[in-house]
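Chains as they are written, first to last, in the working numbering: chain A, 115 to 633; chain B, 30 to 556. Beta carbons are placed, not taken as given, at the ideal position from N, Cα and C, and that holds for glycine. Because the structure is a prediction, the values reported are computed rather than measured. Structure first, then comments.
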């Protein structure tokens, strides 16, 4: 579908990141692929890492907390009129045995599809974010220290040369230690030893290159860089990049290690869930900086979520907004179809026929692009009710659709779709049906018009064998002449169009559908 | 309250002595006639058939066409049953059960029918549903299958075409793995055959299409890919076995011979068929539709022979009456119902282990509070089923999943449960969380009072059982549950940290306290 690139922007995008320590949301308005302004950021502390690293599963309370956060994110996205979104999940989710259930619940509850990304993709996105903020010279090493994993990316002239991901995040380190209290006065020493004994192949294979700069990303290094300036705990990408000298980092670590997490929280205004992990994080940075002989760590105050945003904007630029806007919604619909429909060929085929009729009969129905999208979704989903039972499956389709959020559709639109799917067979729309009667009048009009077309399309594939391959529609007097191209015997489909497939259409548009076939 | 209550003894007859043999009668008011079996149940458990009487009456056709039973038909049925009652009296029948199937079931005036019969004959006719018919017929066919180890090794699909619907059941390893009632029967096929459409080819294709849709739904629901044995039940199948000289309880009829016979039948009018084969015209009318269906089924699931079960619903009724006399149990085939419930849980990706464990805990609580609630075996089974399936609503969406569970359950079938049973289970599942049963919830309010009470009690128990496995890790195993001093004491062995369960129990025990006047308390026993 052709689109003018100039009409893609401005566009509102949202990026979400499910980390080991927290869920993050960032909403931005992009005036161009590289120019954006953050409209809102949210961070919800949910320690997925804690339960996963201990038990390999996301605990039910943690899951519930994550779902609450996502529900809130979805509402926030709707408030800002976000058109494109992407949610990524990293190490803690990757390792959870019940991740499939988690992903499914997020999807069914909020319509958000979580992308489980490998460490390498994480690194790519972080590198993208970093490069949008600082000019990278020579060979740069980007180090992102998270709760469950560390990502190292070696970047040269804008290209990622090497990427590595290690299962050695701060939360994991603390878990392995059994918590700070157990370590007592030996905290720094034990941490330094643990980190030193970990193997970093990238650092070894890097010996040929000398690193020009080390870039640090993640909440911990940002907090460490802010310790002296007193600007703590503020995730703000508007902040200017700060250089943290290695010497000062060492000093900070000595001081912090002497305190309890509560004392750190109090003295530096740190969040409780930052106050304990900040030390292991600092130790990791100290180690990498030492090994690469860097004198300072550059902290640009951007993270994974920013990378997700930039990536989205670039994709939008590449493929044109309109397609993407609908494609997210259609993807959501297709996911529902996959969950319930055991005969997707029929549904897809009926949808194509319905859209073909829609396009050819614009002068008859006068409906717009948005209605076309609704017809498409109703077509894809009209058979989902069969999963529950064949008897009354049109009513089951209504139930399933009206109870499953589809991101991109308003509540009214969702109910229009549910009604159109419900009315693909049996009794036509009637004021005695509650599902139909409770709609506002303009929605009822759409339901009737779209159902009429869907029924006709469905009648053309009554046999479920896709024998009517194409249909052309022309009006003549009070008839709708349908010329169908077919393969094989279509007696059944002809009968169906004549019998009842065309009744609603006739009632709605005053045109009687008549089918002529041509092999 | 429960539709599978033990069959009543007729008023005015002596109760069954345990030493003397019992005389049983079972009556089936079906779509094409009223039939009775009289049998003797010896103390050693064997059943001897004394009489097998059948009188034709085309009730199914009438209901299909008009939706009601005409006064004339009702009178005819009453007269037949009067005669049967006289026969029962002369044999000294001690136990009886009478059921009516789809023809009466679909009639708008079925209550009048049942009432007239009772007033005239003292016979209580129970209108049963497709799932119960299948249960009874299956019981009889399973008896026959059990005697054939050569057949049990493969999956079998048993089916019975009746006038208004077709019942299906998948048998795997001798157990029913799934069942389904589908609204396509011989009557509708016959209407299509006689339709105005002159093009015979179109008509045949239409019927085949309908049968194919049905088989696809069956494959999807039960589920299966291909079965080794097709077992046909019903008068049309028995006709084929007789005509083709098949013998035994599960007669094998070759597919080829069946095709030849079918071609013969299609070439004649029903009257000609009736004359040629010495059957009634009512029976003859349903042959062609049934044979078309058999042919299409064999085409979709190729087998070289069709097995015809001699047994029918009355044989199943006999087994049930005999079982209730011998064991006092009114619940027939609970294992099959549990298997069906598990099947449903699997279909909707519910956590099976959690479901089974919740069921075990629920049973434990049910038994511990027996003297408080006085509920019976059937309710215990319903509680188990509800425990297994209570979380299926999550498949639709986690938010409001209790309401989704209700919707899914009332629109599904569980082998062995009647519509009312399923309605109770659905309500119990709905009330496993959030608001408790209340009179402004339409589904709950529509239940008869006895059923509402059952729902209250079972939901209360389910909530407690569910709380005890909140972590879905089956952490509380085999607790000792006792009622003491106004408390329901749950004693778990104290090896794990049960803080989560205790907290959840606190949150979810309100309904239990309200219904039973007992406070659930989780105590850890030091072992």
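Check residue i in the structure and name its three-state DSSP category.
{"i": "residue 551 of chain B", "result": "strand"}
{"i": "residue 53 of chain B", "result": "strand"}
{"i": "residue 263 of chain B", "result": "coil"}
{"i": "residue 505 of chain B", "result": "coil"}
{"i": "residue 200 of chain A", "result": "strand"}
{"i": "residue 138 of chain B", "result": "coil"}
{"i": "residue 628 of chain A", "result": "strand"}
{"i": "residue 298 of chain B", "result": "coil"}
{"i": "residue 361 of chain B", "result": "coil"}
{"i": "residue 619 of chain A", "result": "helix"}
{"i": "residue 133 of chain B", "result": "helix"}
{"i": "residue 314 of chain A", "result": "coil"}
{"i": "residue 232 of chain A", "result": "coil"}
{"i": "residue 285 of chain B", "result": "helix"}
{"i": "residue 280 of chain A", "result": "strand"}
{"i": "residue 510 of chain B", "result": "strand"}
{"i": "residue 78 of chain B", "result": "strand"}
{"i": "residue 237 of chain B", "result": "helix"}
{"i": "residue 542 of chain B", "result": "helix"}
Does any residue of chain B bring its CB to less than 8 Å from the CB of residue i?
{"i": "residue 517 of chain A", "result": "yes"}
{"i": "residue 333 of chain A", "result": "no"}
{"i": "residue 598 of chain A", "result": "no"}
{"i": "residue 119 of chain A", "result": "For residue 119 of chain A, the predicted model reports a pLDDT of 41, less than 50, meaning its position is unreliable; a value from the coordinates is still stated below. It does not: the Cβ of residue 119 of chain A has no partner Cβ on chain B nearer than 8 Å."}
{"i": "residue 504 of chain A", "result": "yes"}
{"i": "residue 577 of chain A", "result": "yes"}
{"i": "residue 512 of chain A", "result": "no"}
{"i": "residue 176 of chain A", "result": "no"}
Please state if the CB of residue j and the CB of residue i are separated by a distance shorter than 8 Å.
{"i": "residue 382 of chain B", "j": "residue 503 of chain B", "result": "yes"}
{"i": "residue 252 of chain A", "j": "residue 285 of chain A", "result": "no"}
{"i": "residue 540 of chain B", "j": "residue 515 of chain B", "result": "no"}
{"i": "residue 434 of chain B", "j": "residue 459 of chain B", "result": "yes"}
{"i": "residue 561 of chain A", "j": "residue 574 of chain A", "result": "no"}
{"i": "residue 225 of chain A", "j": "residue 245 of chain A", "result": "no"}
{"i": "residue 135 of chain A", "j": "residue 161 of chain A", "result": "yes"}
{"i": "residue 327 of chain B", "j": "residue 218 of chain B", "result": "no"}
{"i": "residue 169 of chain B", "j": "residue 348 of chain B", "result": "yes"}
{"i": "residue 465 of chain A", "j": "residue 444 of chain A", "result": "no"}
Any beta carbon of chain A sitting closer than 8 Å to that of residue i?
{"i": "residue 501 of chain B", "result": "yes"}
{"i": "residue 212 of chain B", "result": "yes"}
{"i": "residue 426 of chain B", "result": "yes"}
{"i": "residue 540 of chain B", "result": "no"}
Applying the 10 Å Cβ sphere with the 16-neighbour rule, what's the burial state of residue i?
{"i": "residue 328 of chain A", "result": "buried"}
{"i": "residue 545 of chain A", "result": "exposed"}
{"i": "residue 207 of chain B", "result": "buried"}
{"i": "residue 254 of chain B", "result": "exposed"}
{"i": "residue 483 of chain A", "result": "exposed"}
{"i": "residue 407 of chain B", "result": "buried"}
{"i": "residue 475 of chain B", "result": "exposed"}
{"i": "residue 540 of chain A", "result": "exposed"}
{"i": "residue 554 of chain A", "result": "exposed"}
{"i": "residue 178 of chain B", "result": "exposed"}
Review point. What residues from the stretch 238-270 of chain B come within 7 Å of chain A, judged by C-beta to C-beta, listed N to C?
Key: 238, 246, 249
Check your understanding: Using a Cβ cut-off of 8 Å, which residues of the stretch 432-451 of chain B contact any Cβ in chain A, in chain order?
Key -> 433, 436, 437, 440, 441, 442
Point to revise | Residues in the stretch 356-375 of chain A having any Cβ partner in chain B nearer than 8 Å | key: none
Review point. Just by C-beta distance, which residues in the stretch 191-210 of chain A are closer than 9 Å to chain B?
Key: none
Practice item. Identify each residue in the stretch 217-237 of chain A for which the Cβ-Cβ distance to at least one residue of chain B is less than 9 Å, and report them in chain order. Key: 218, 219, 222, 223
**Study point:** Near-chain B residues of the stretch 442-459 of chain A - C-beta to any C-beta below 7 Å
**Key:** 456
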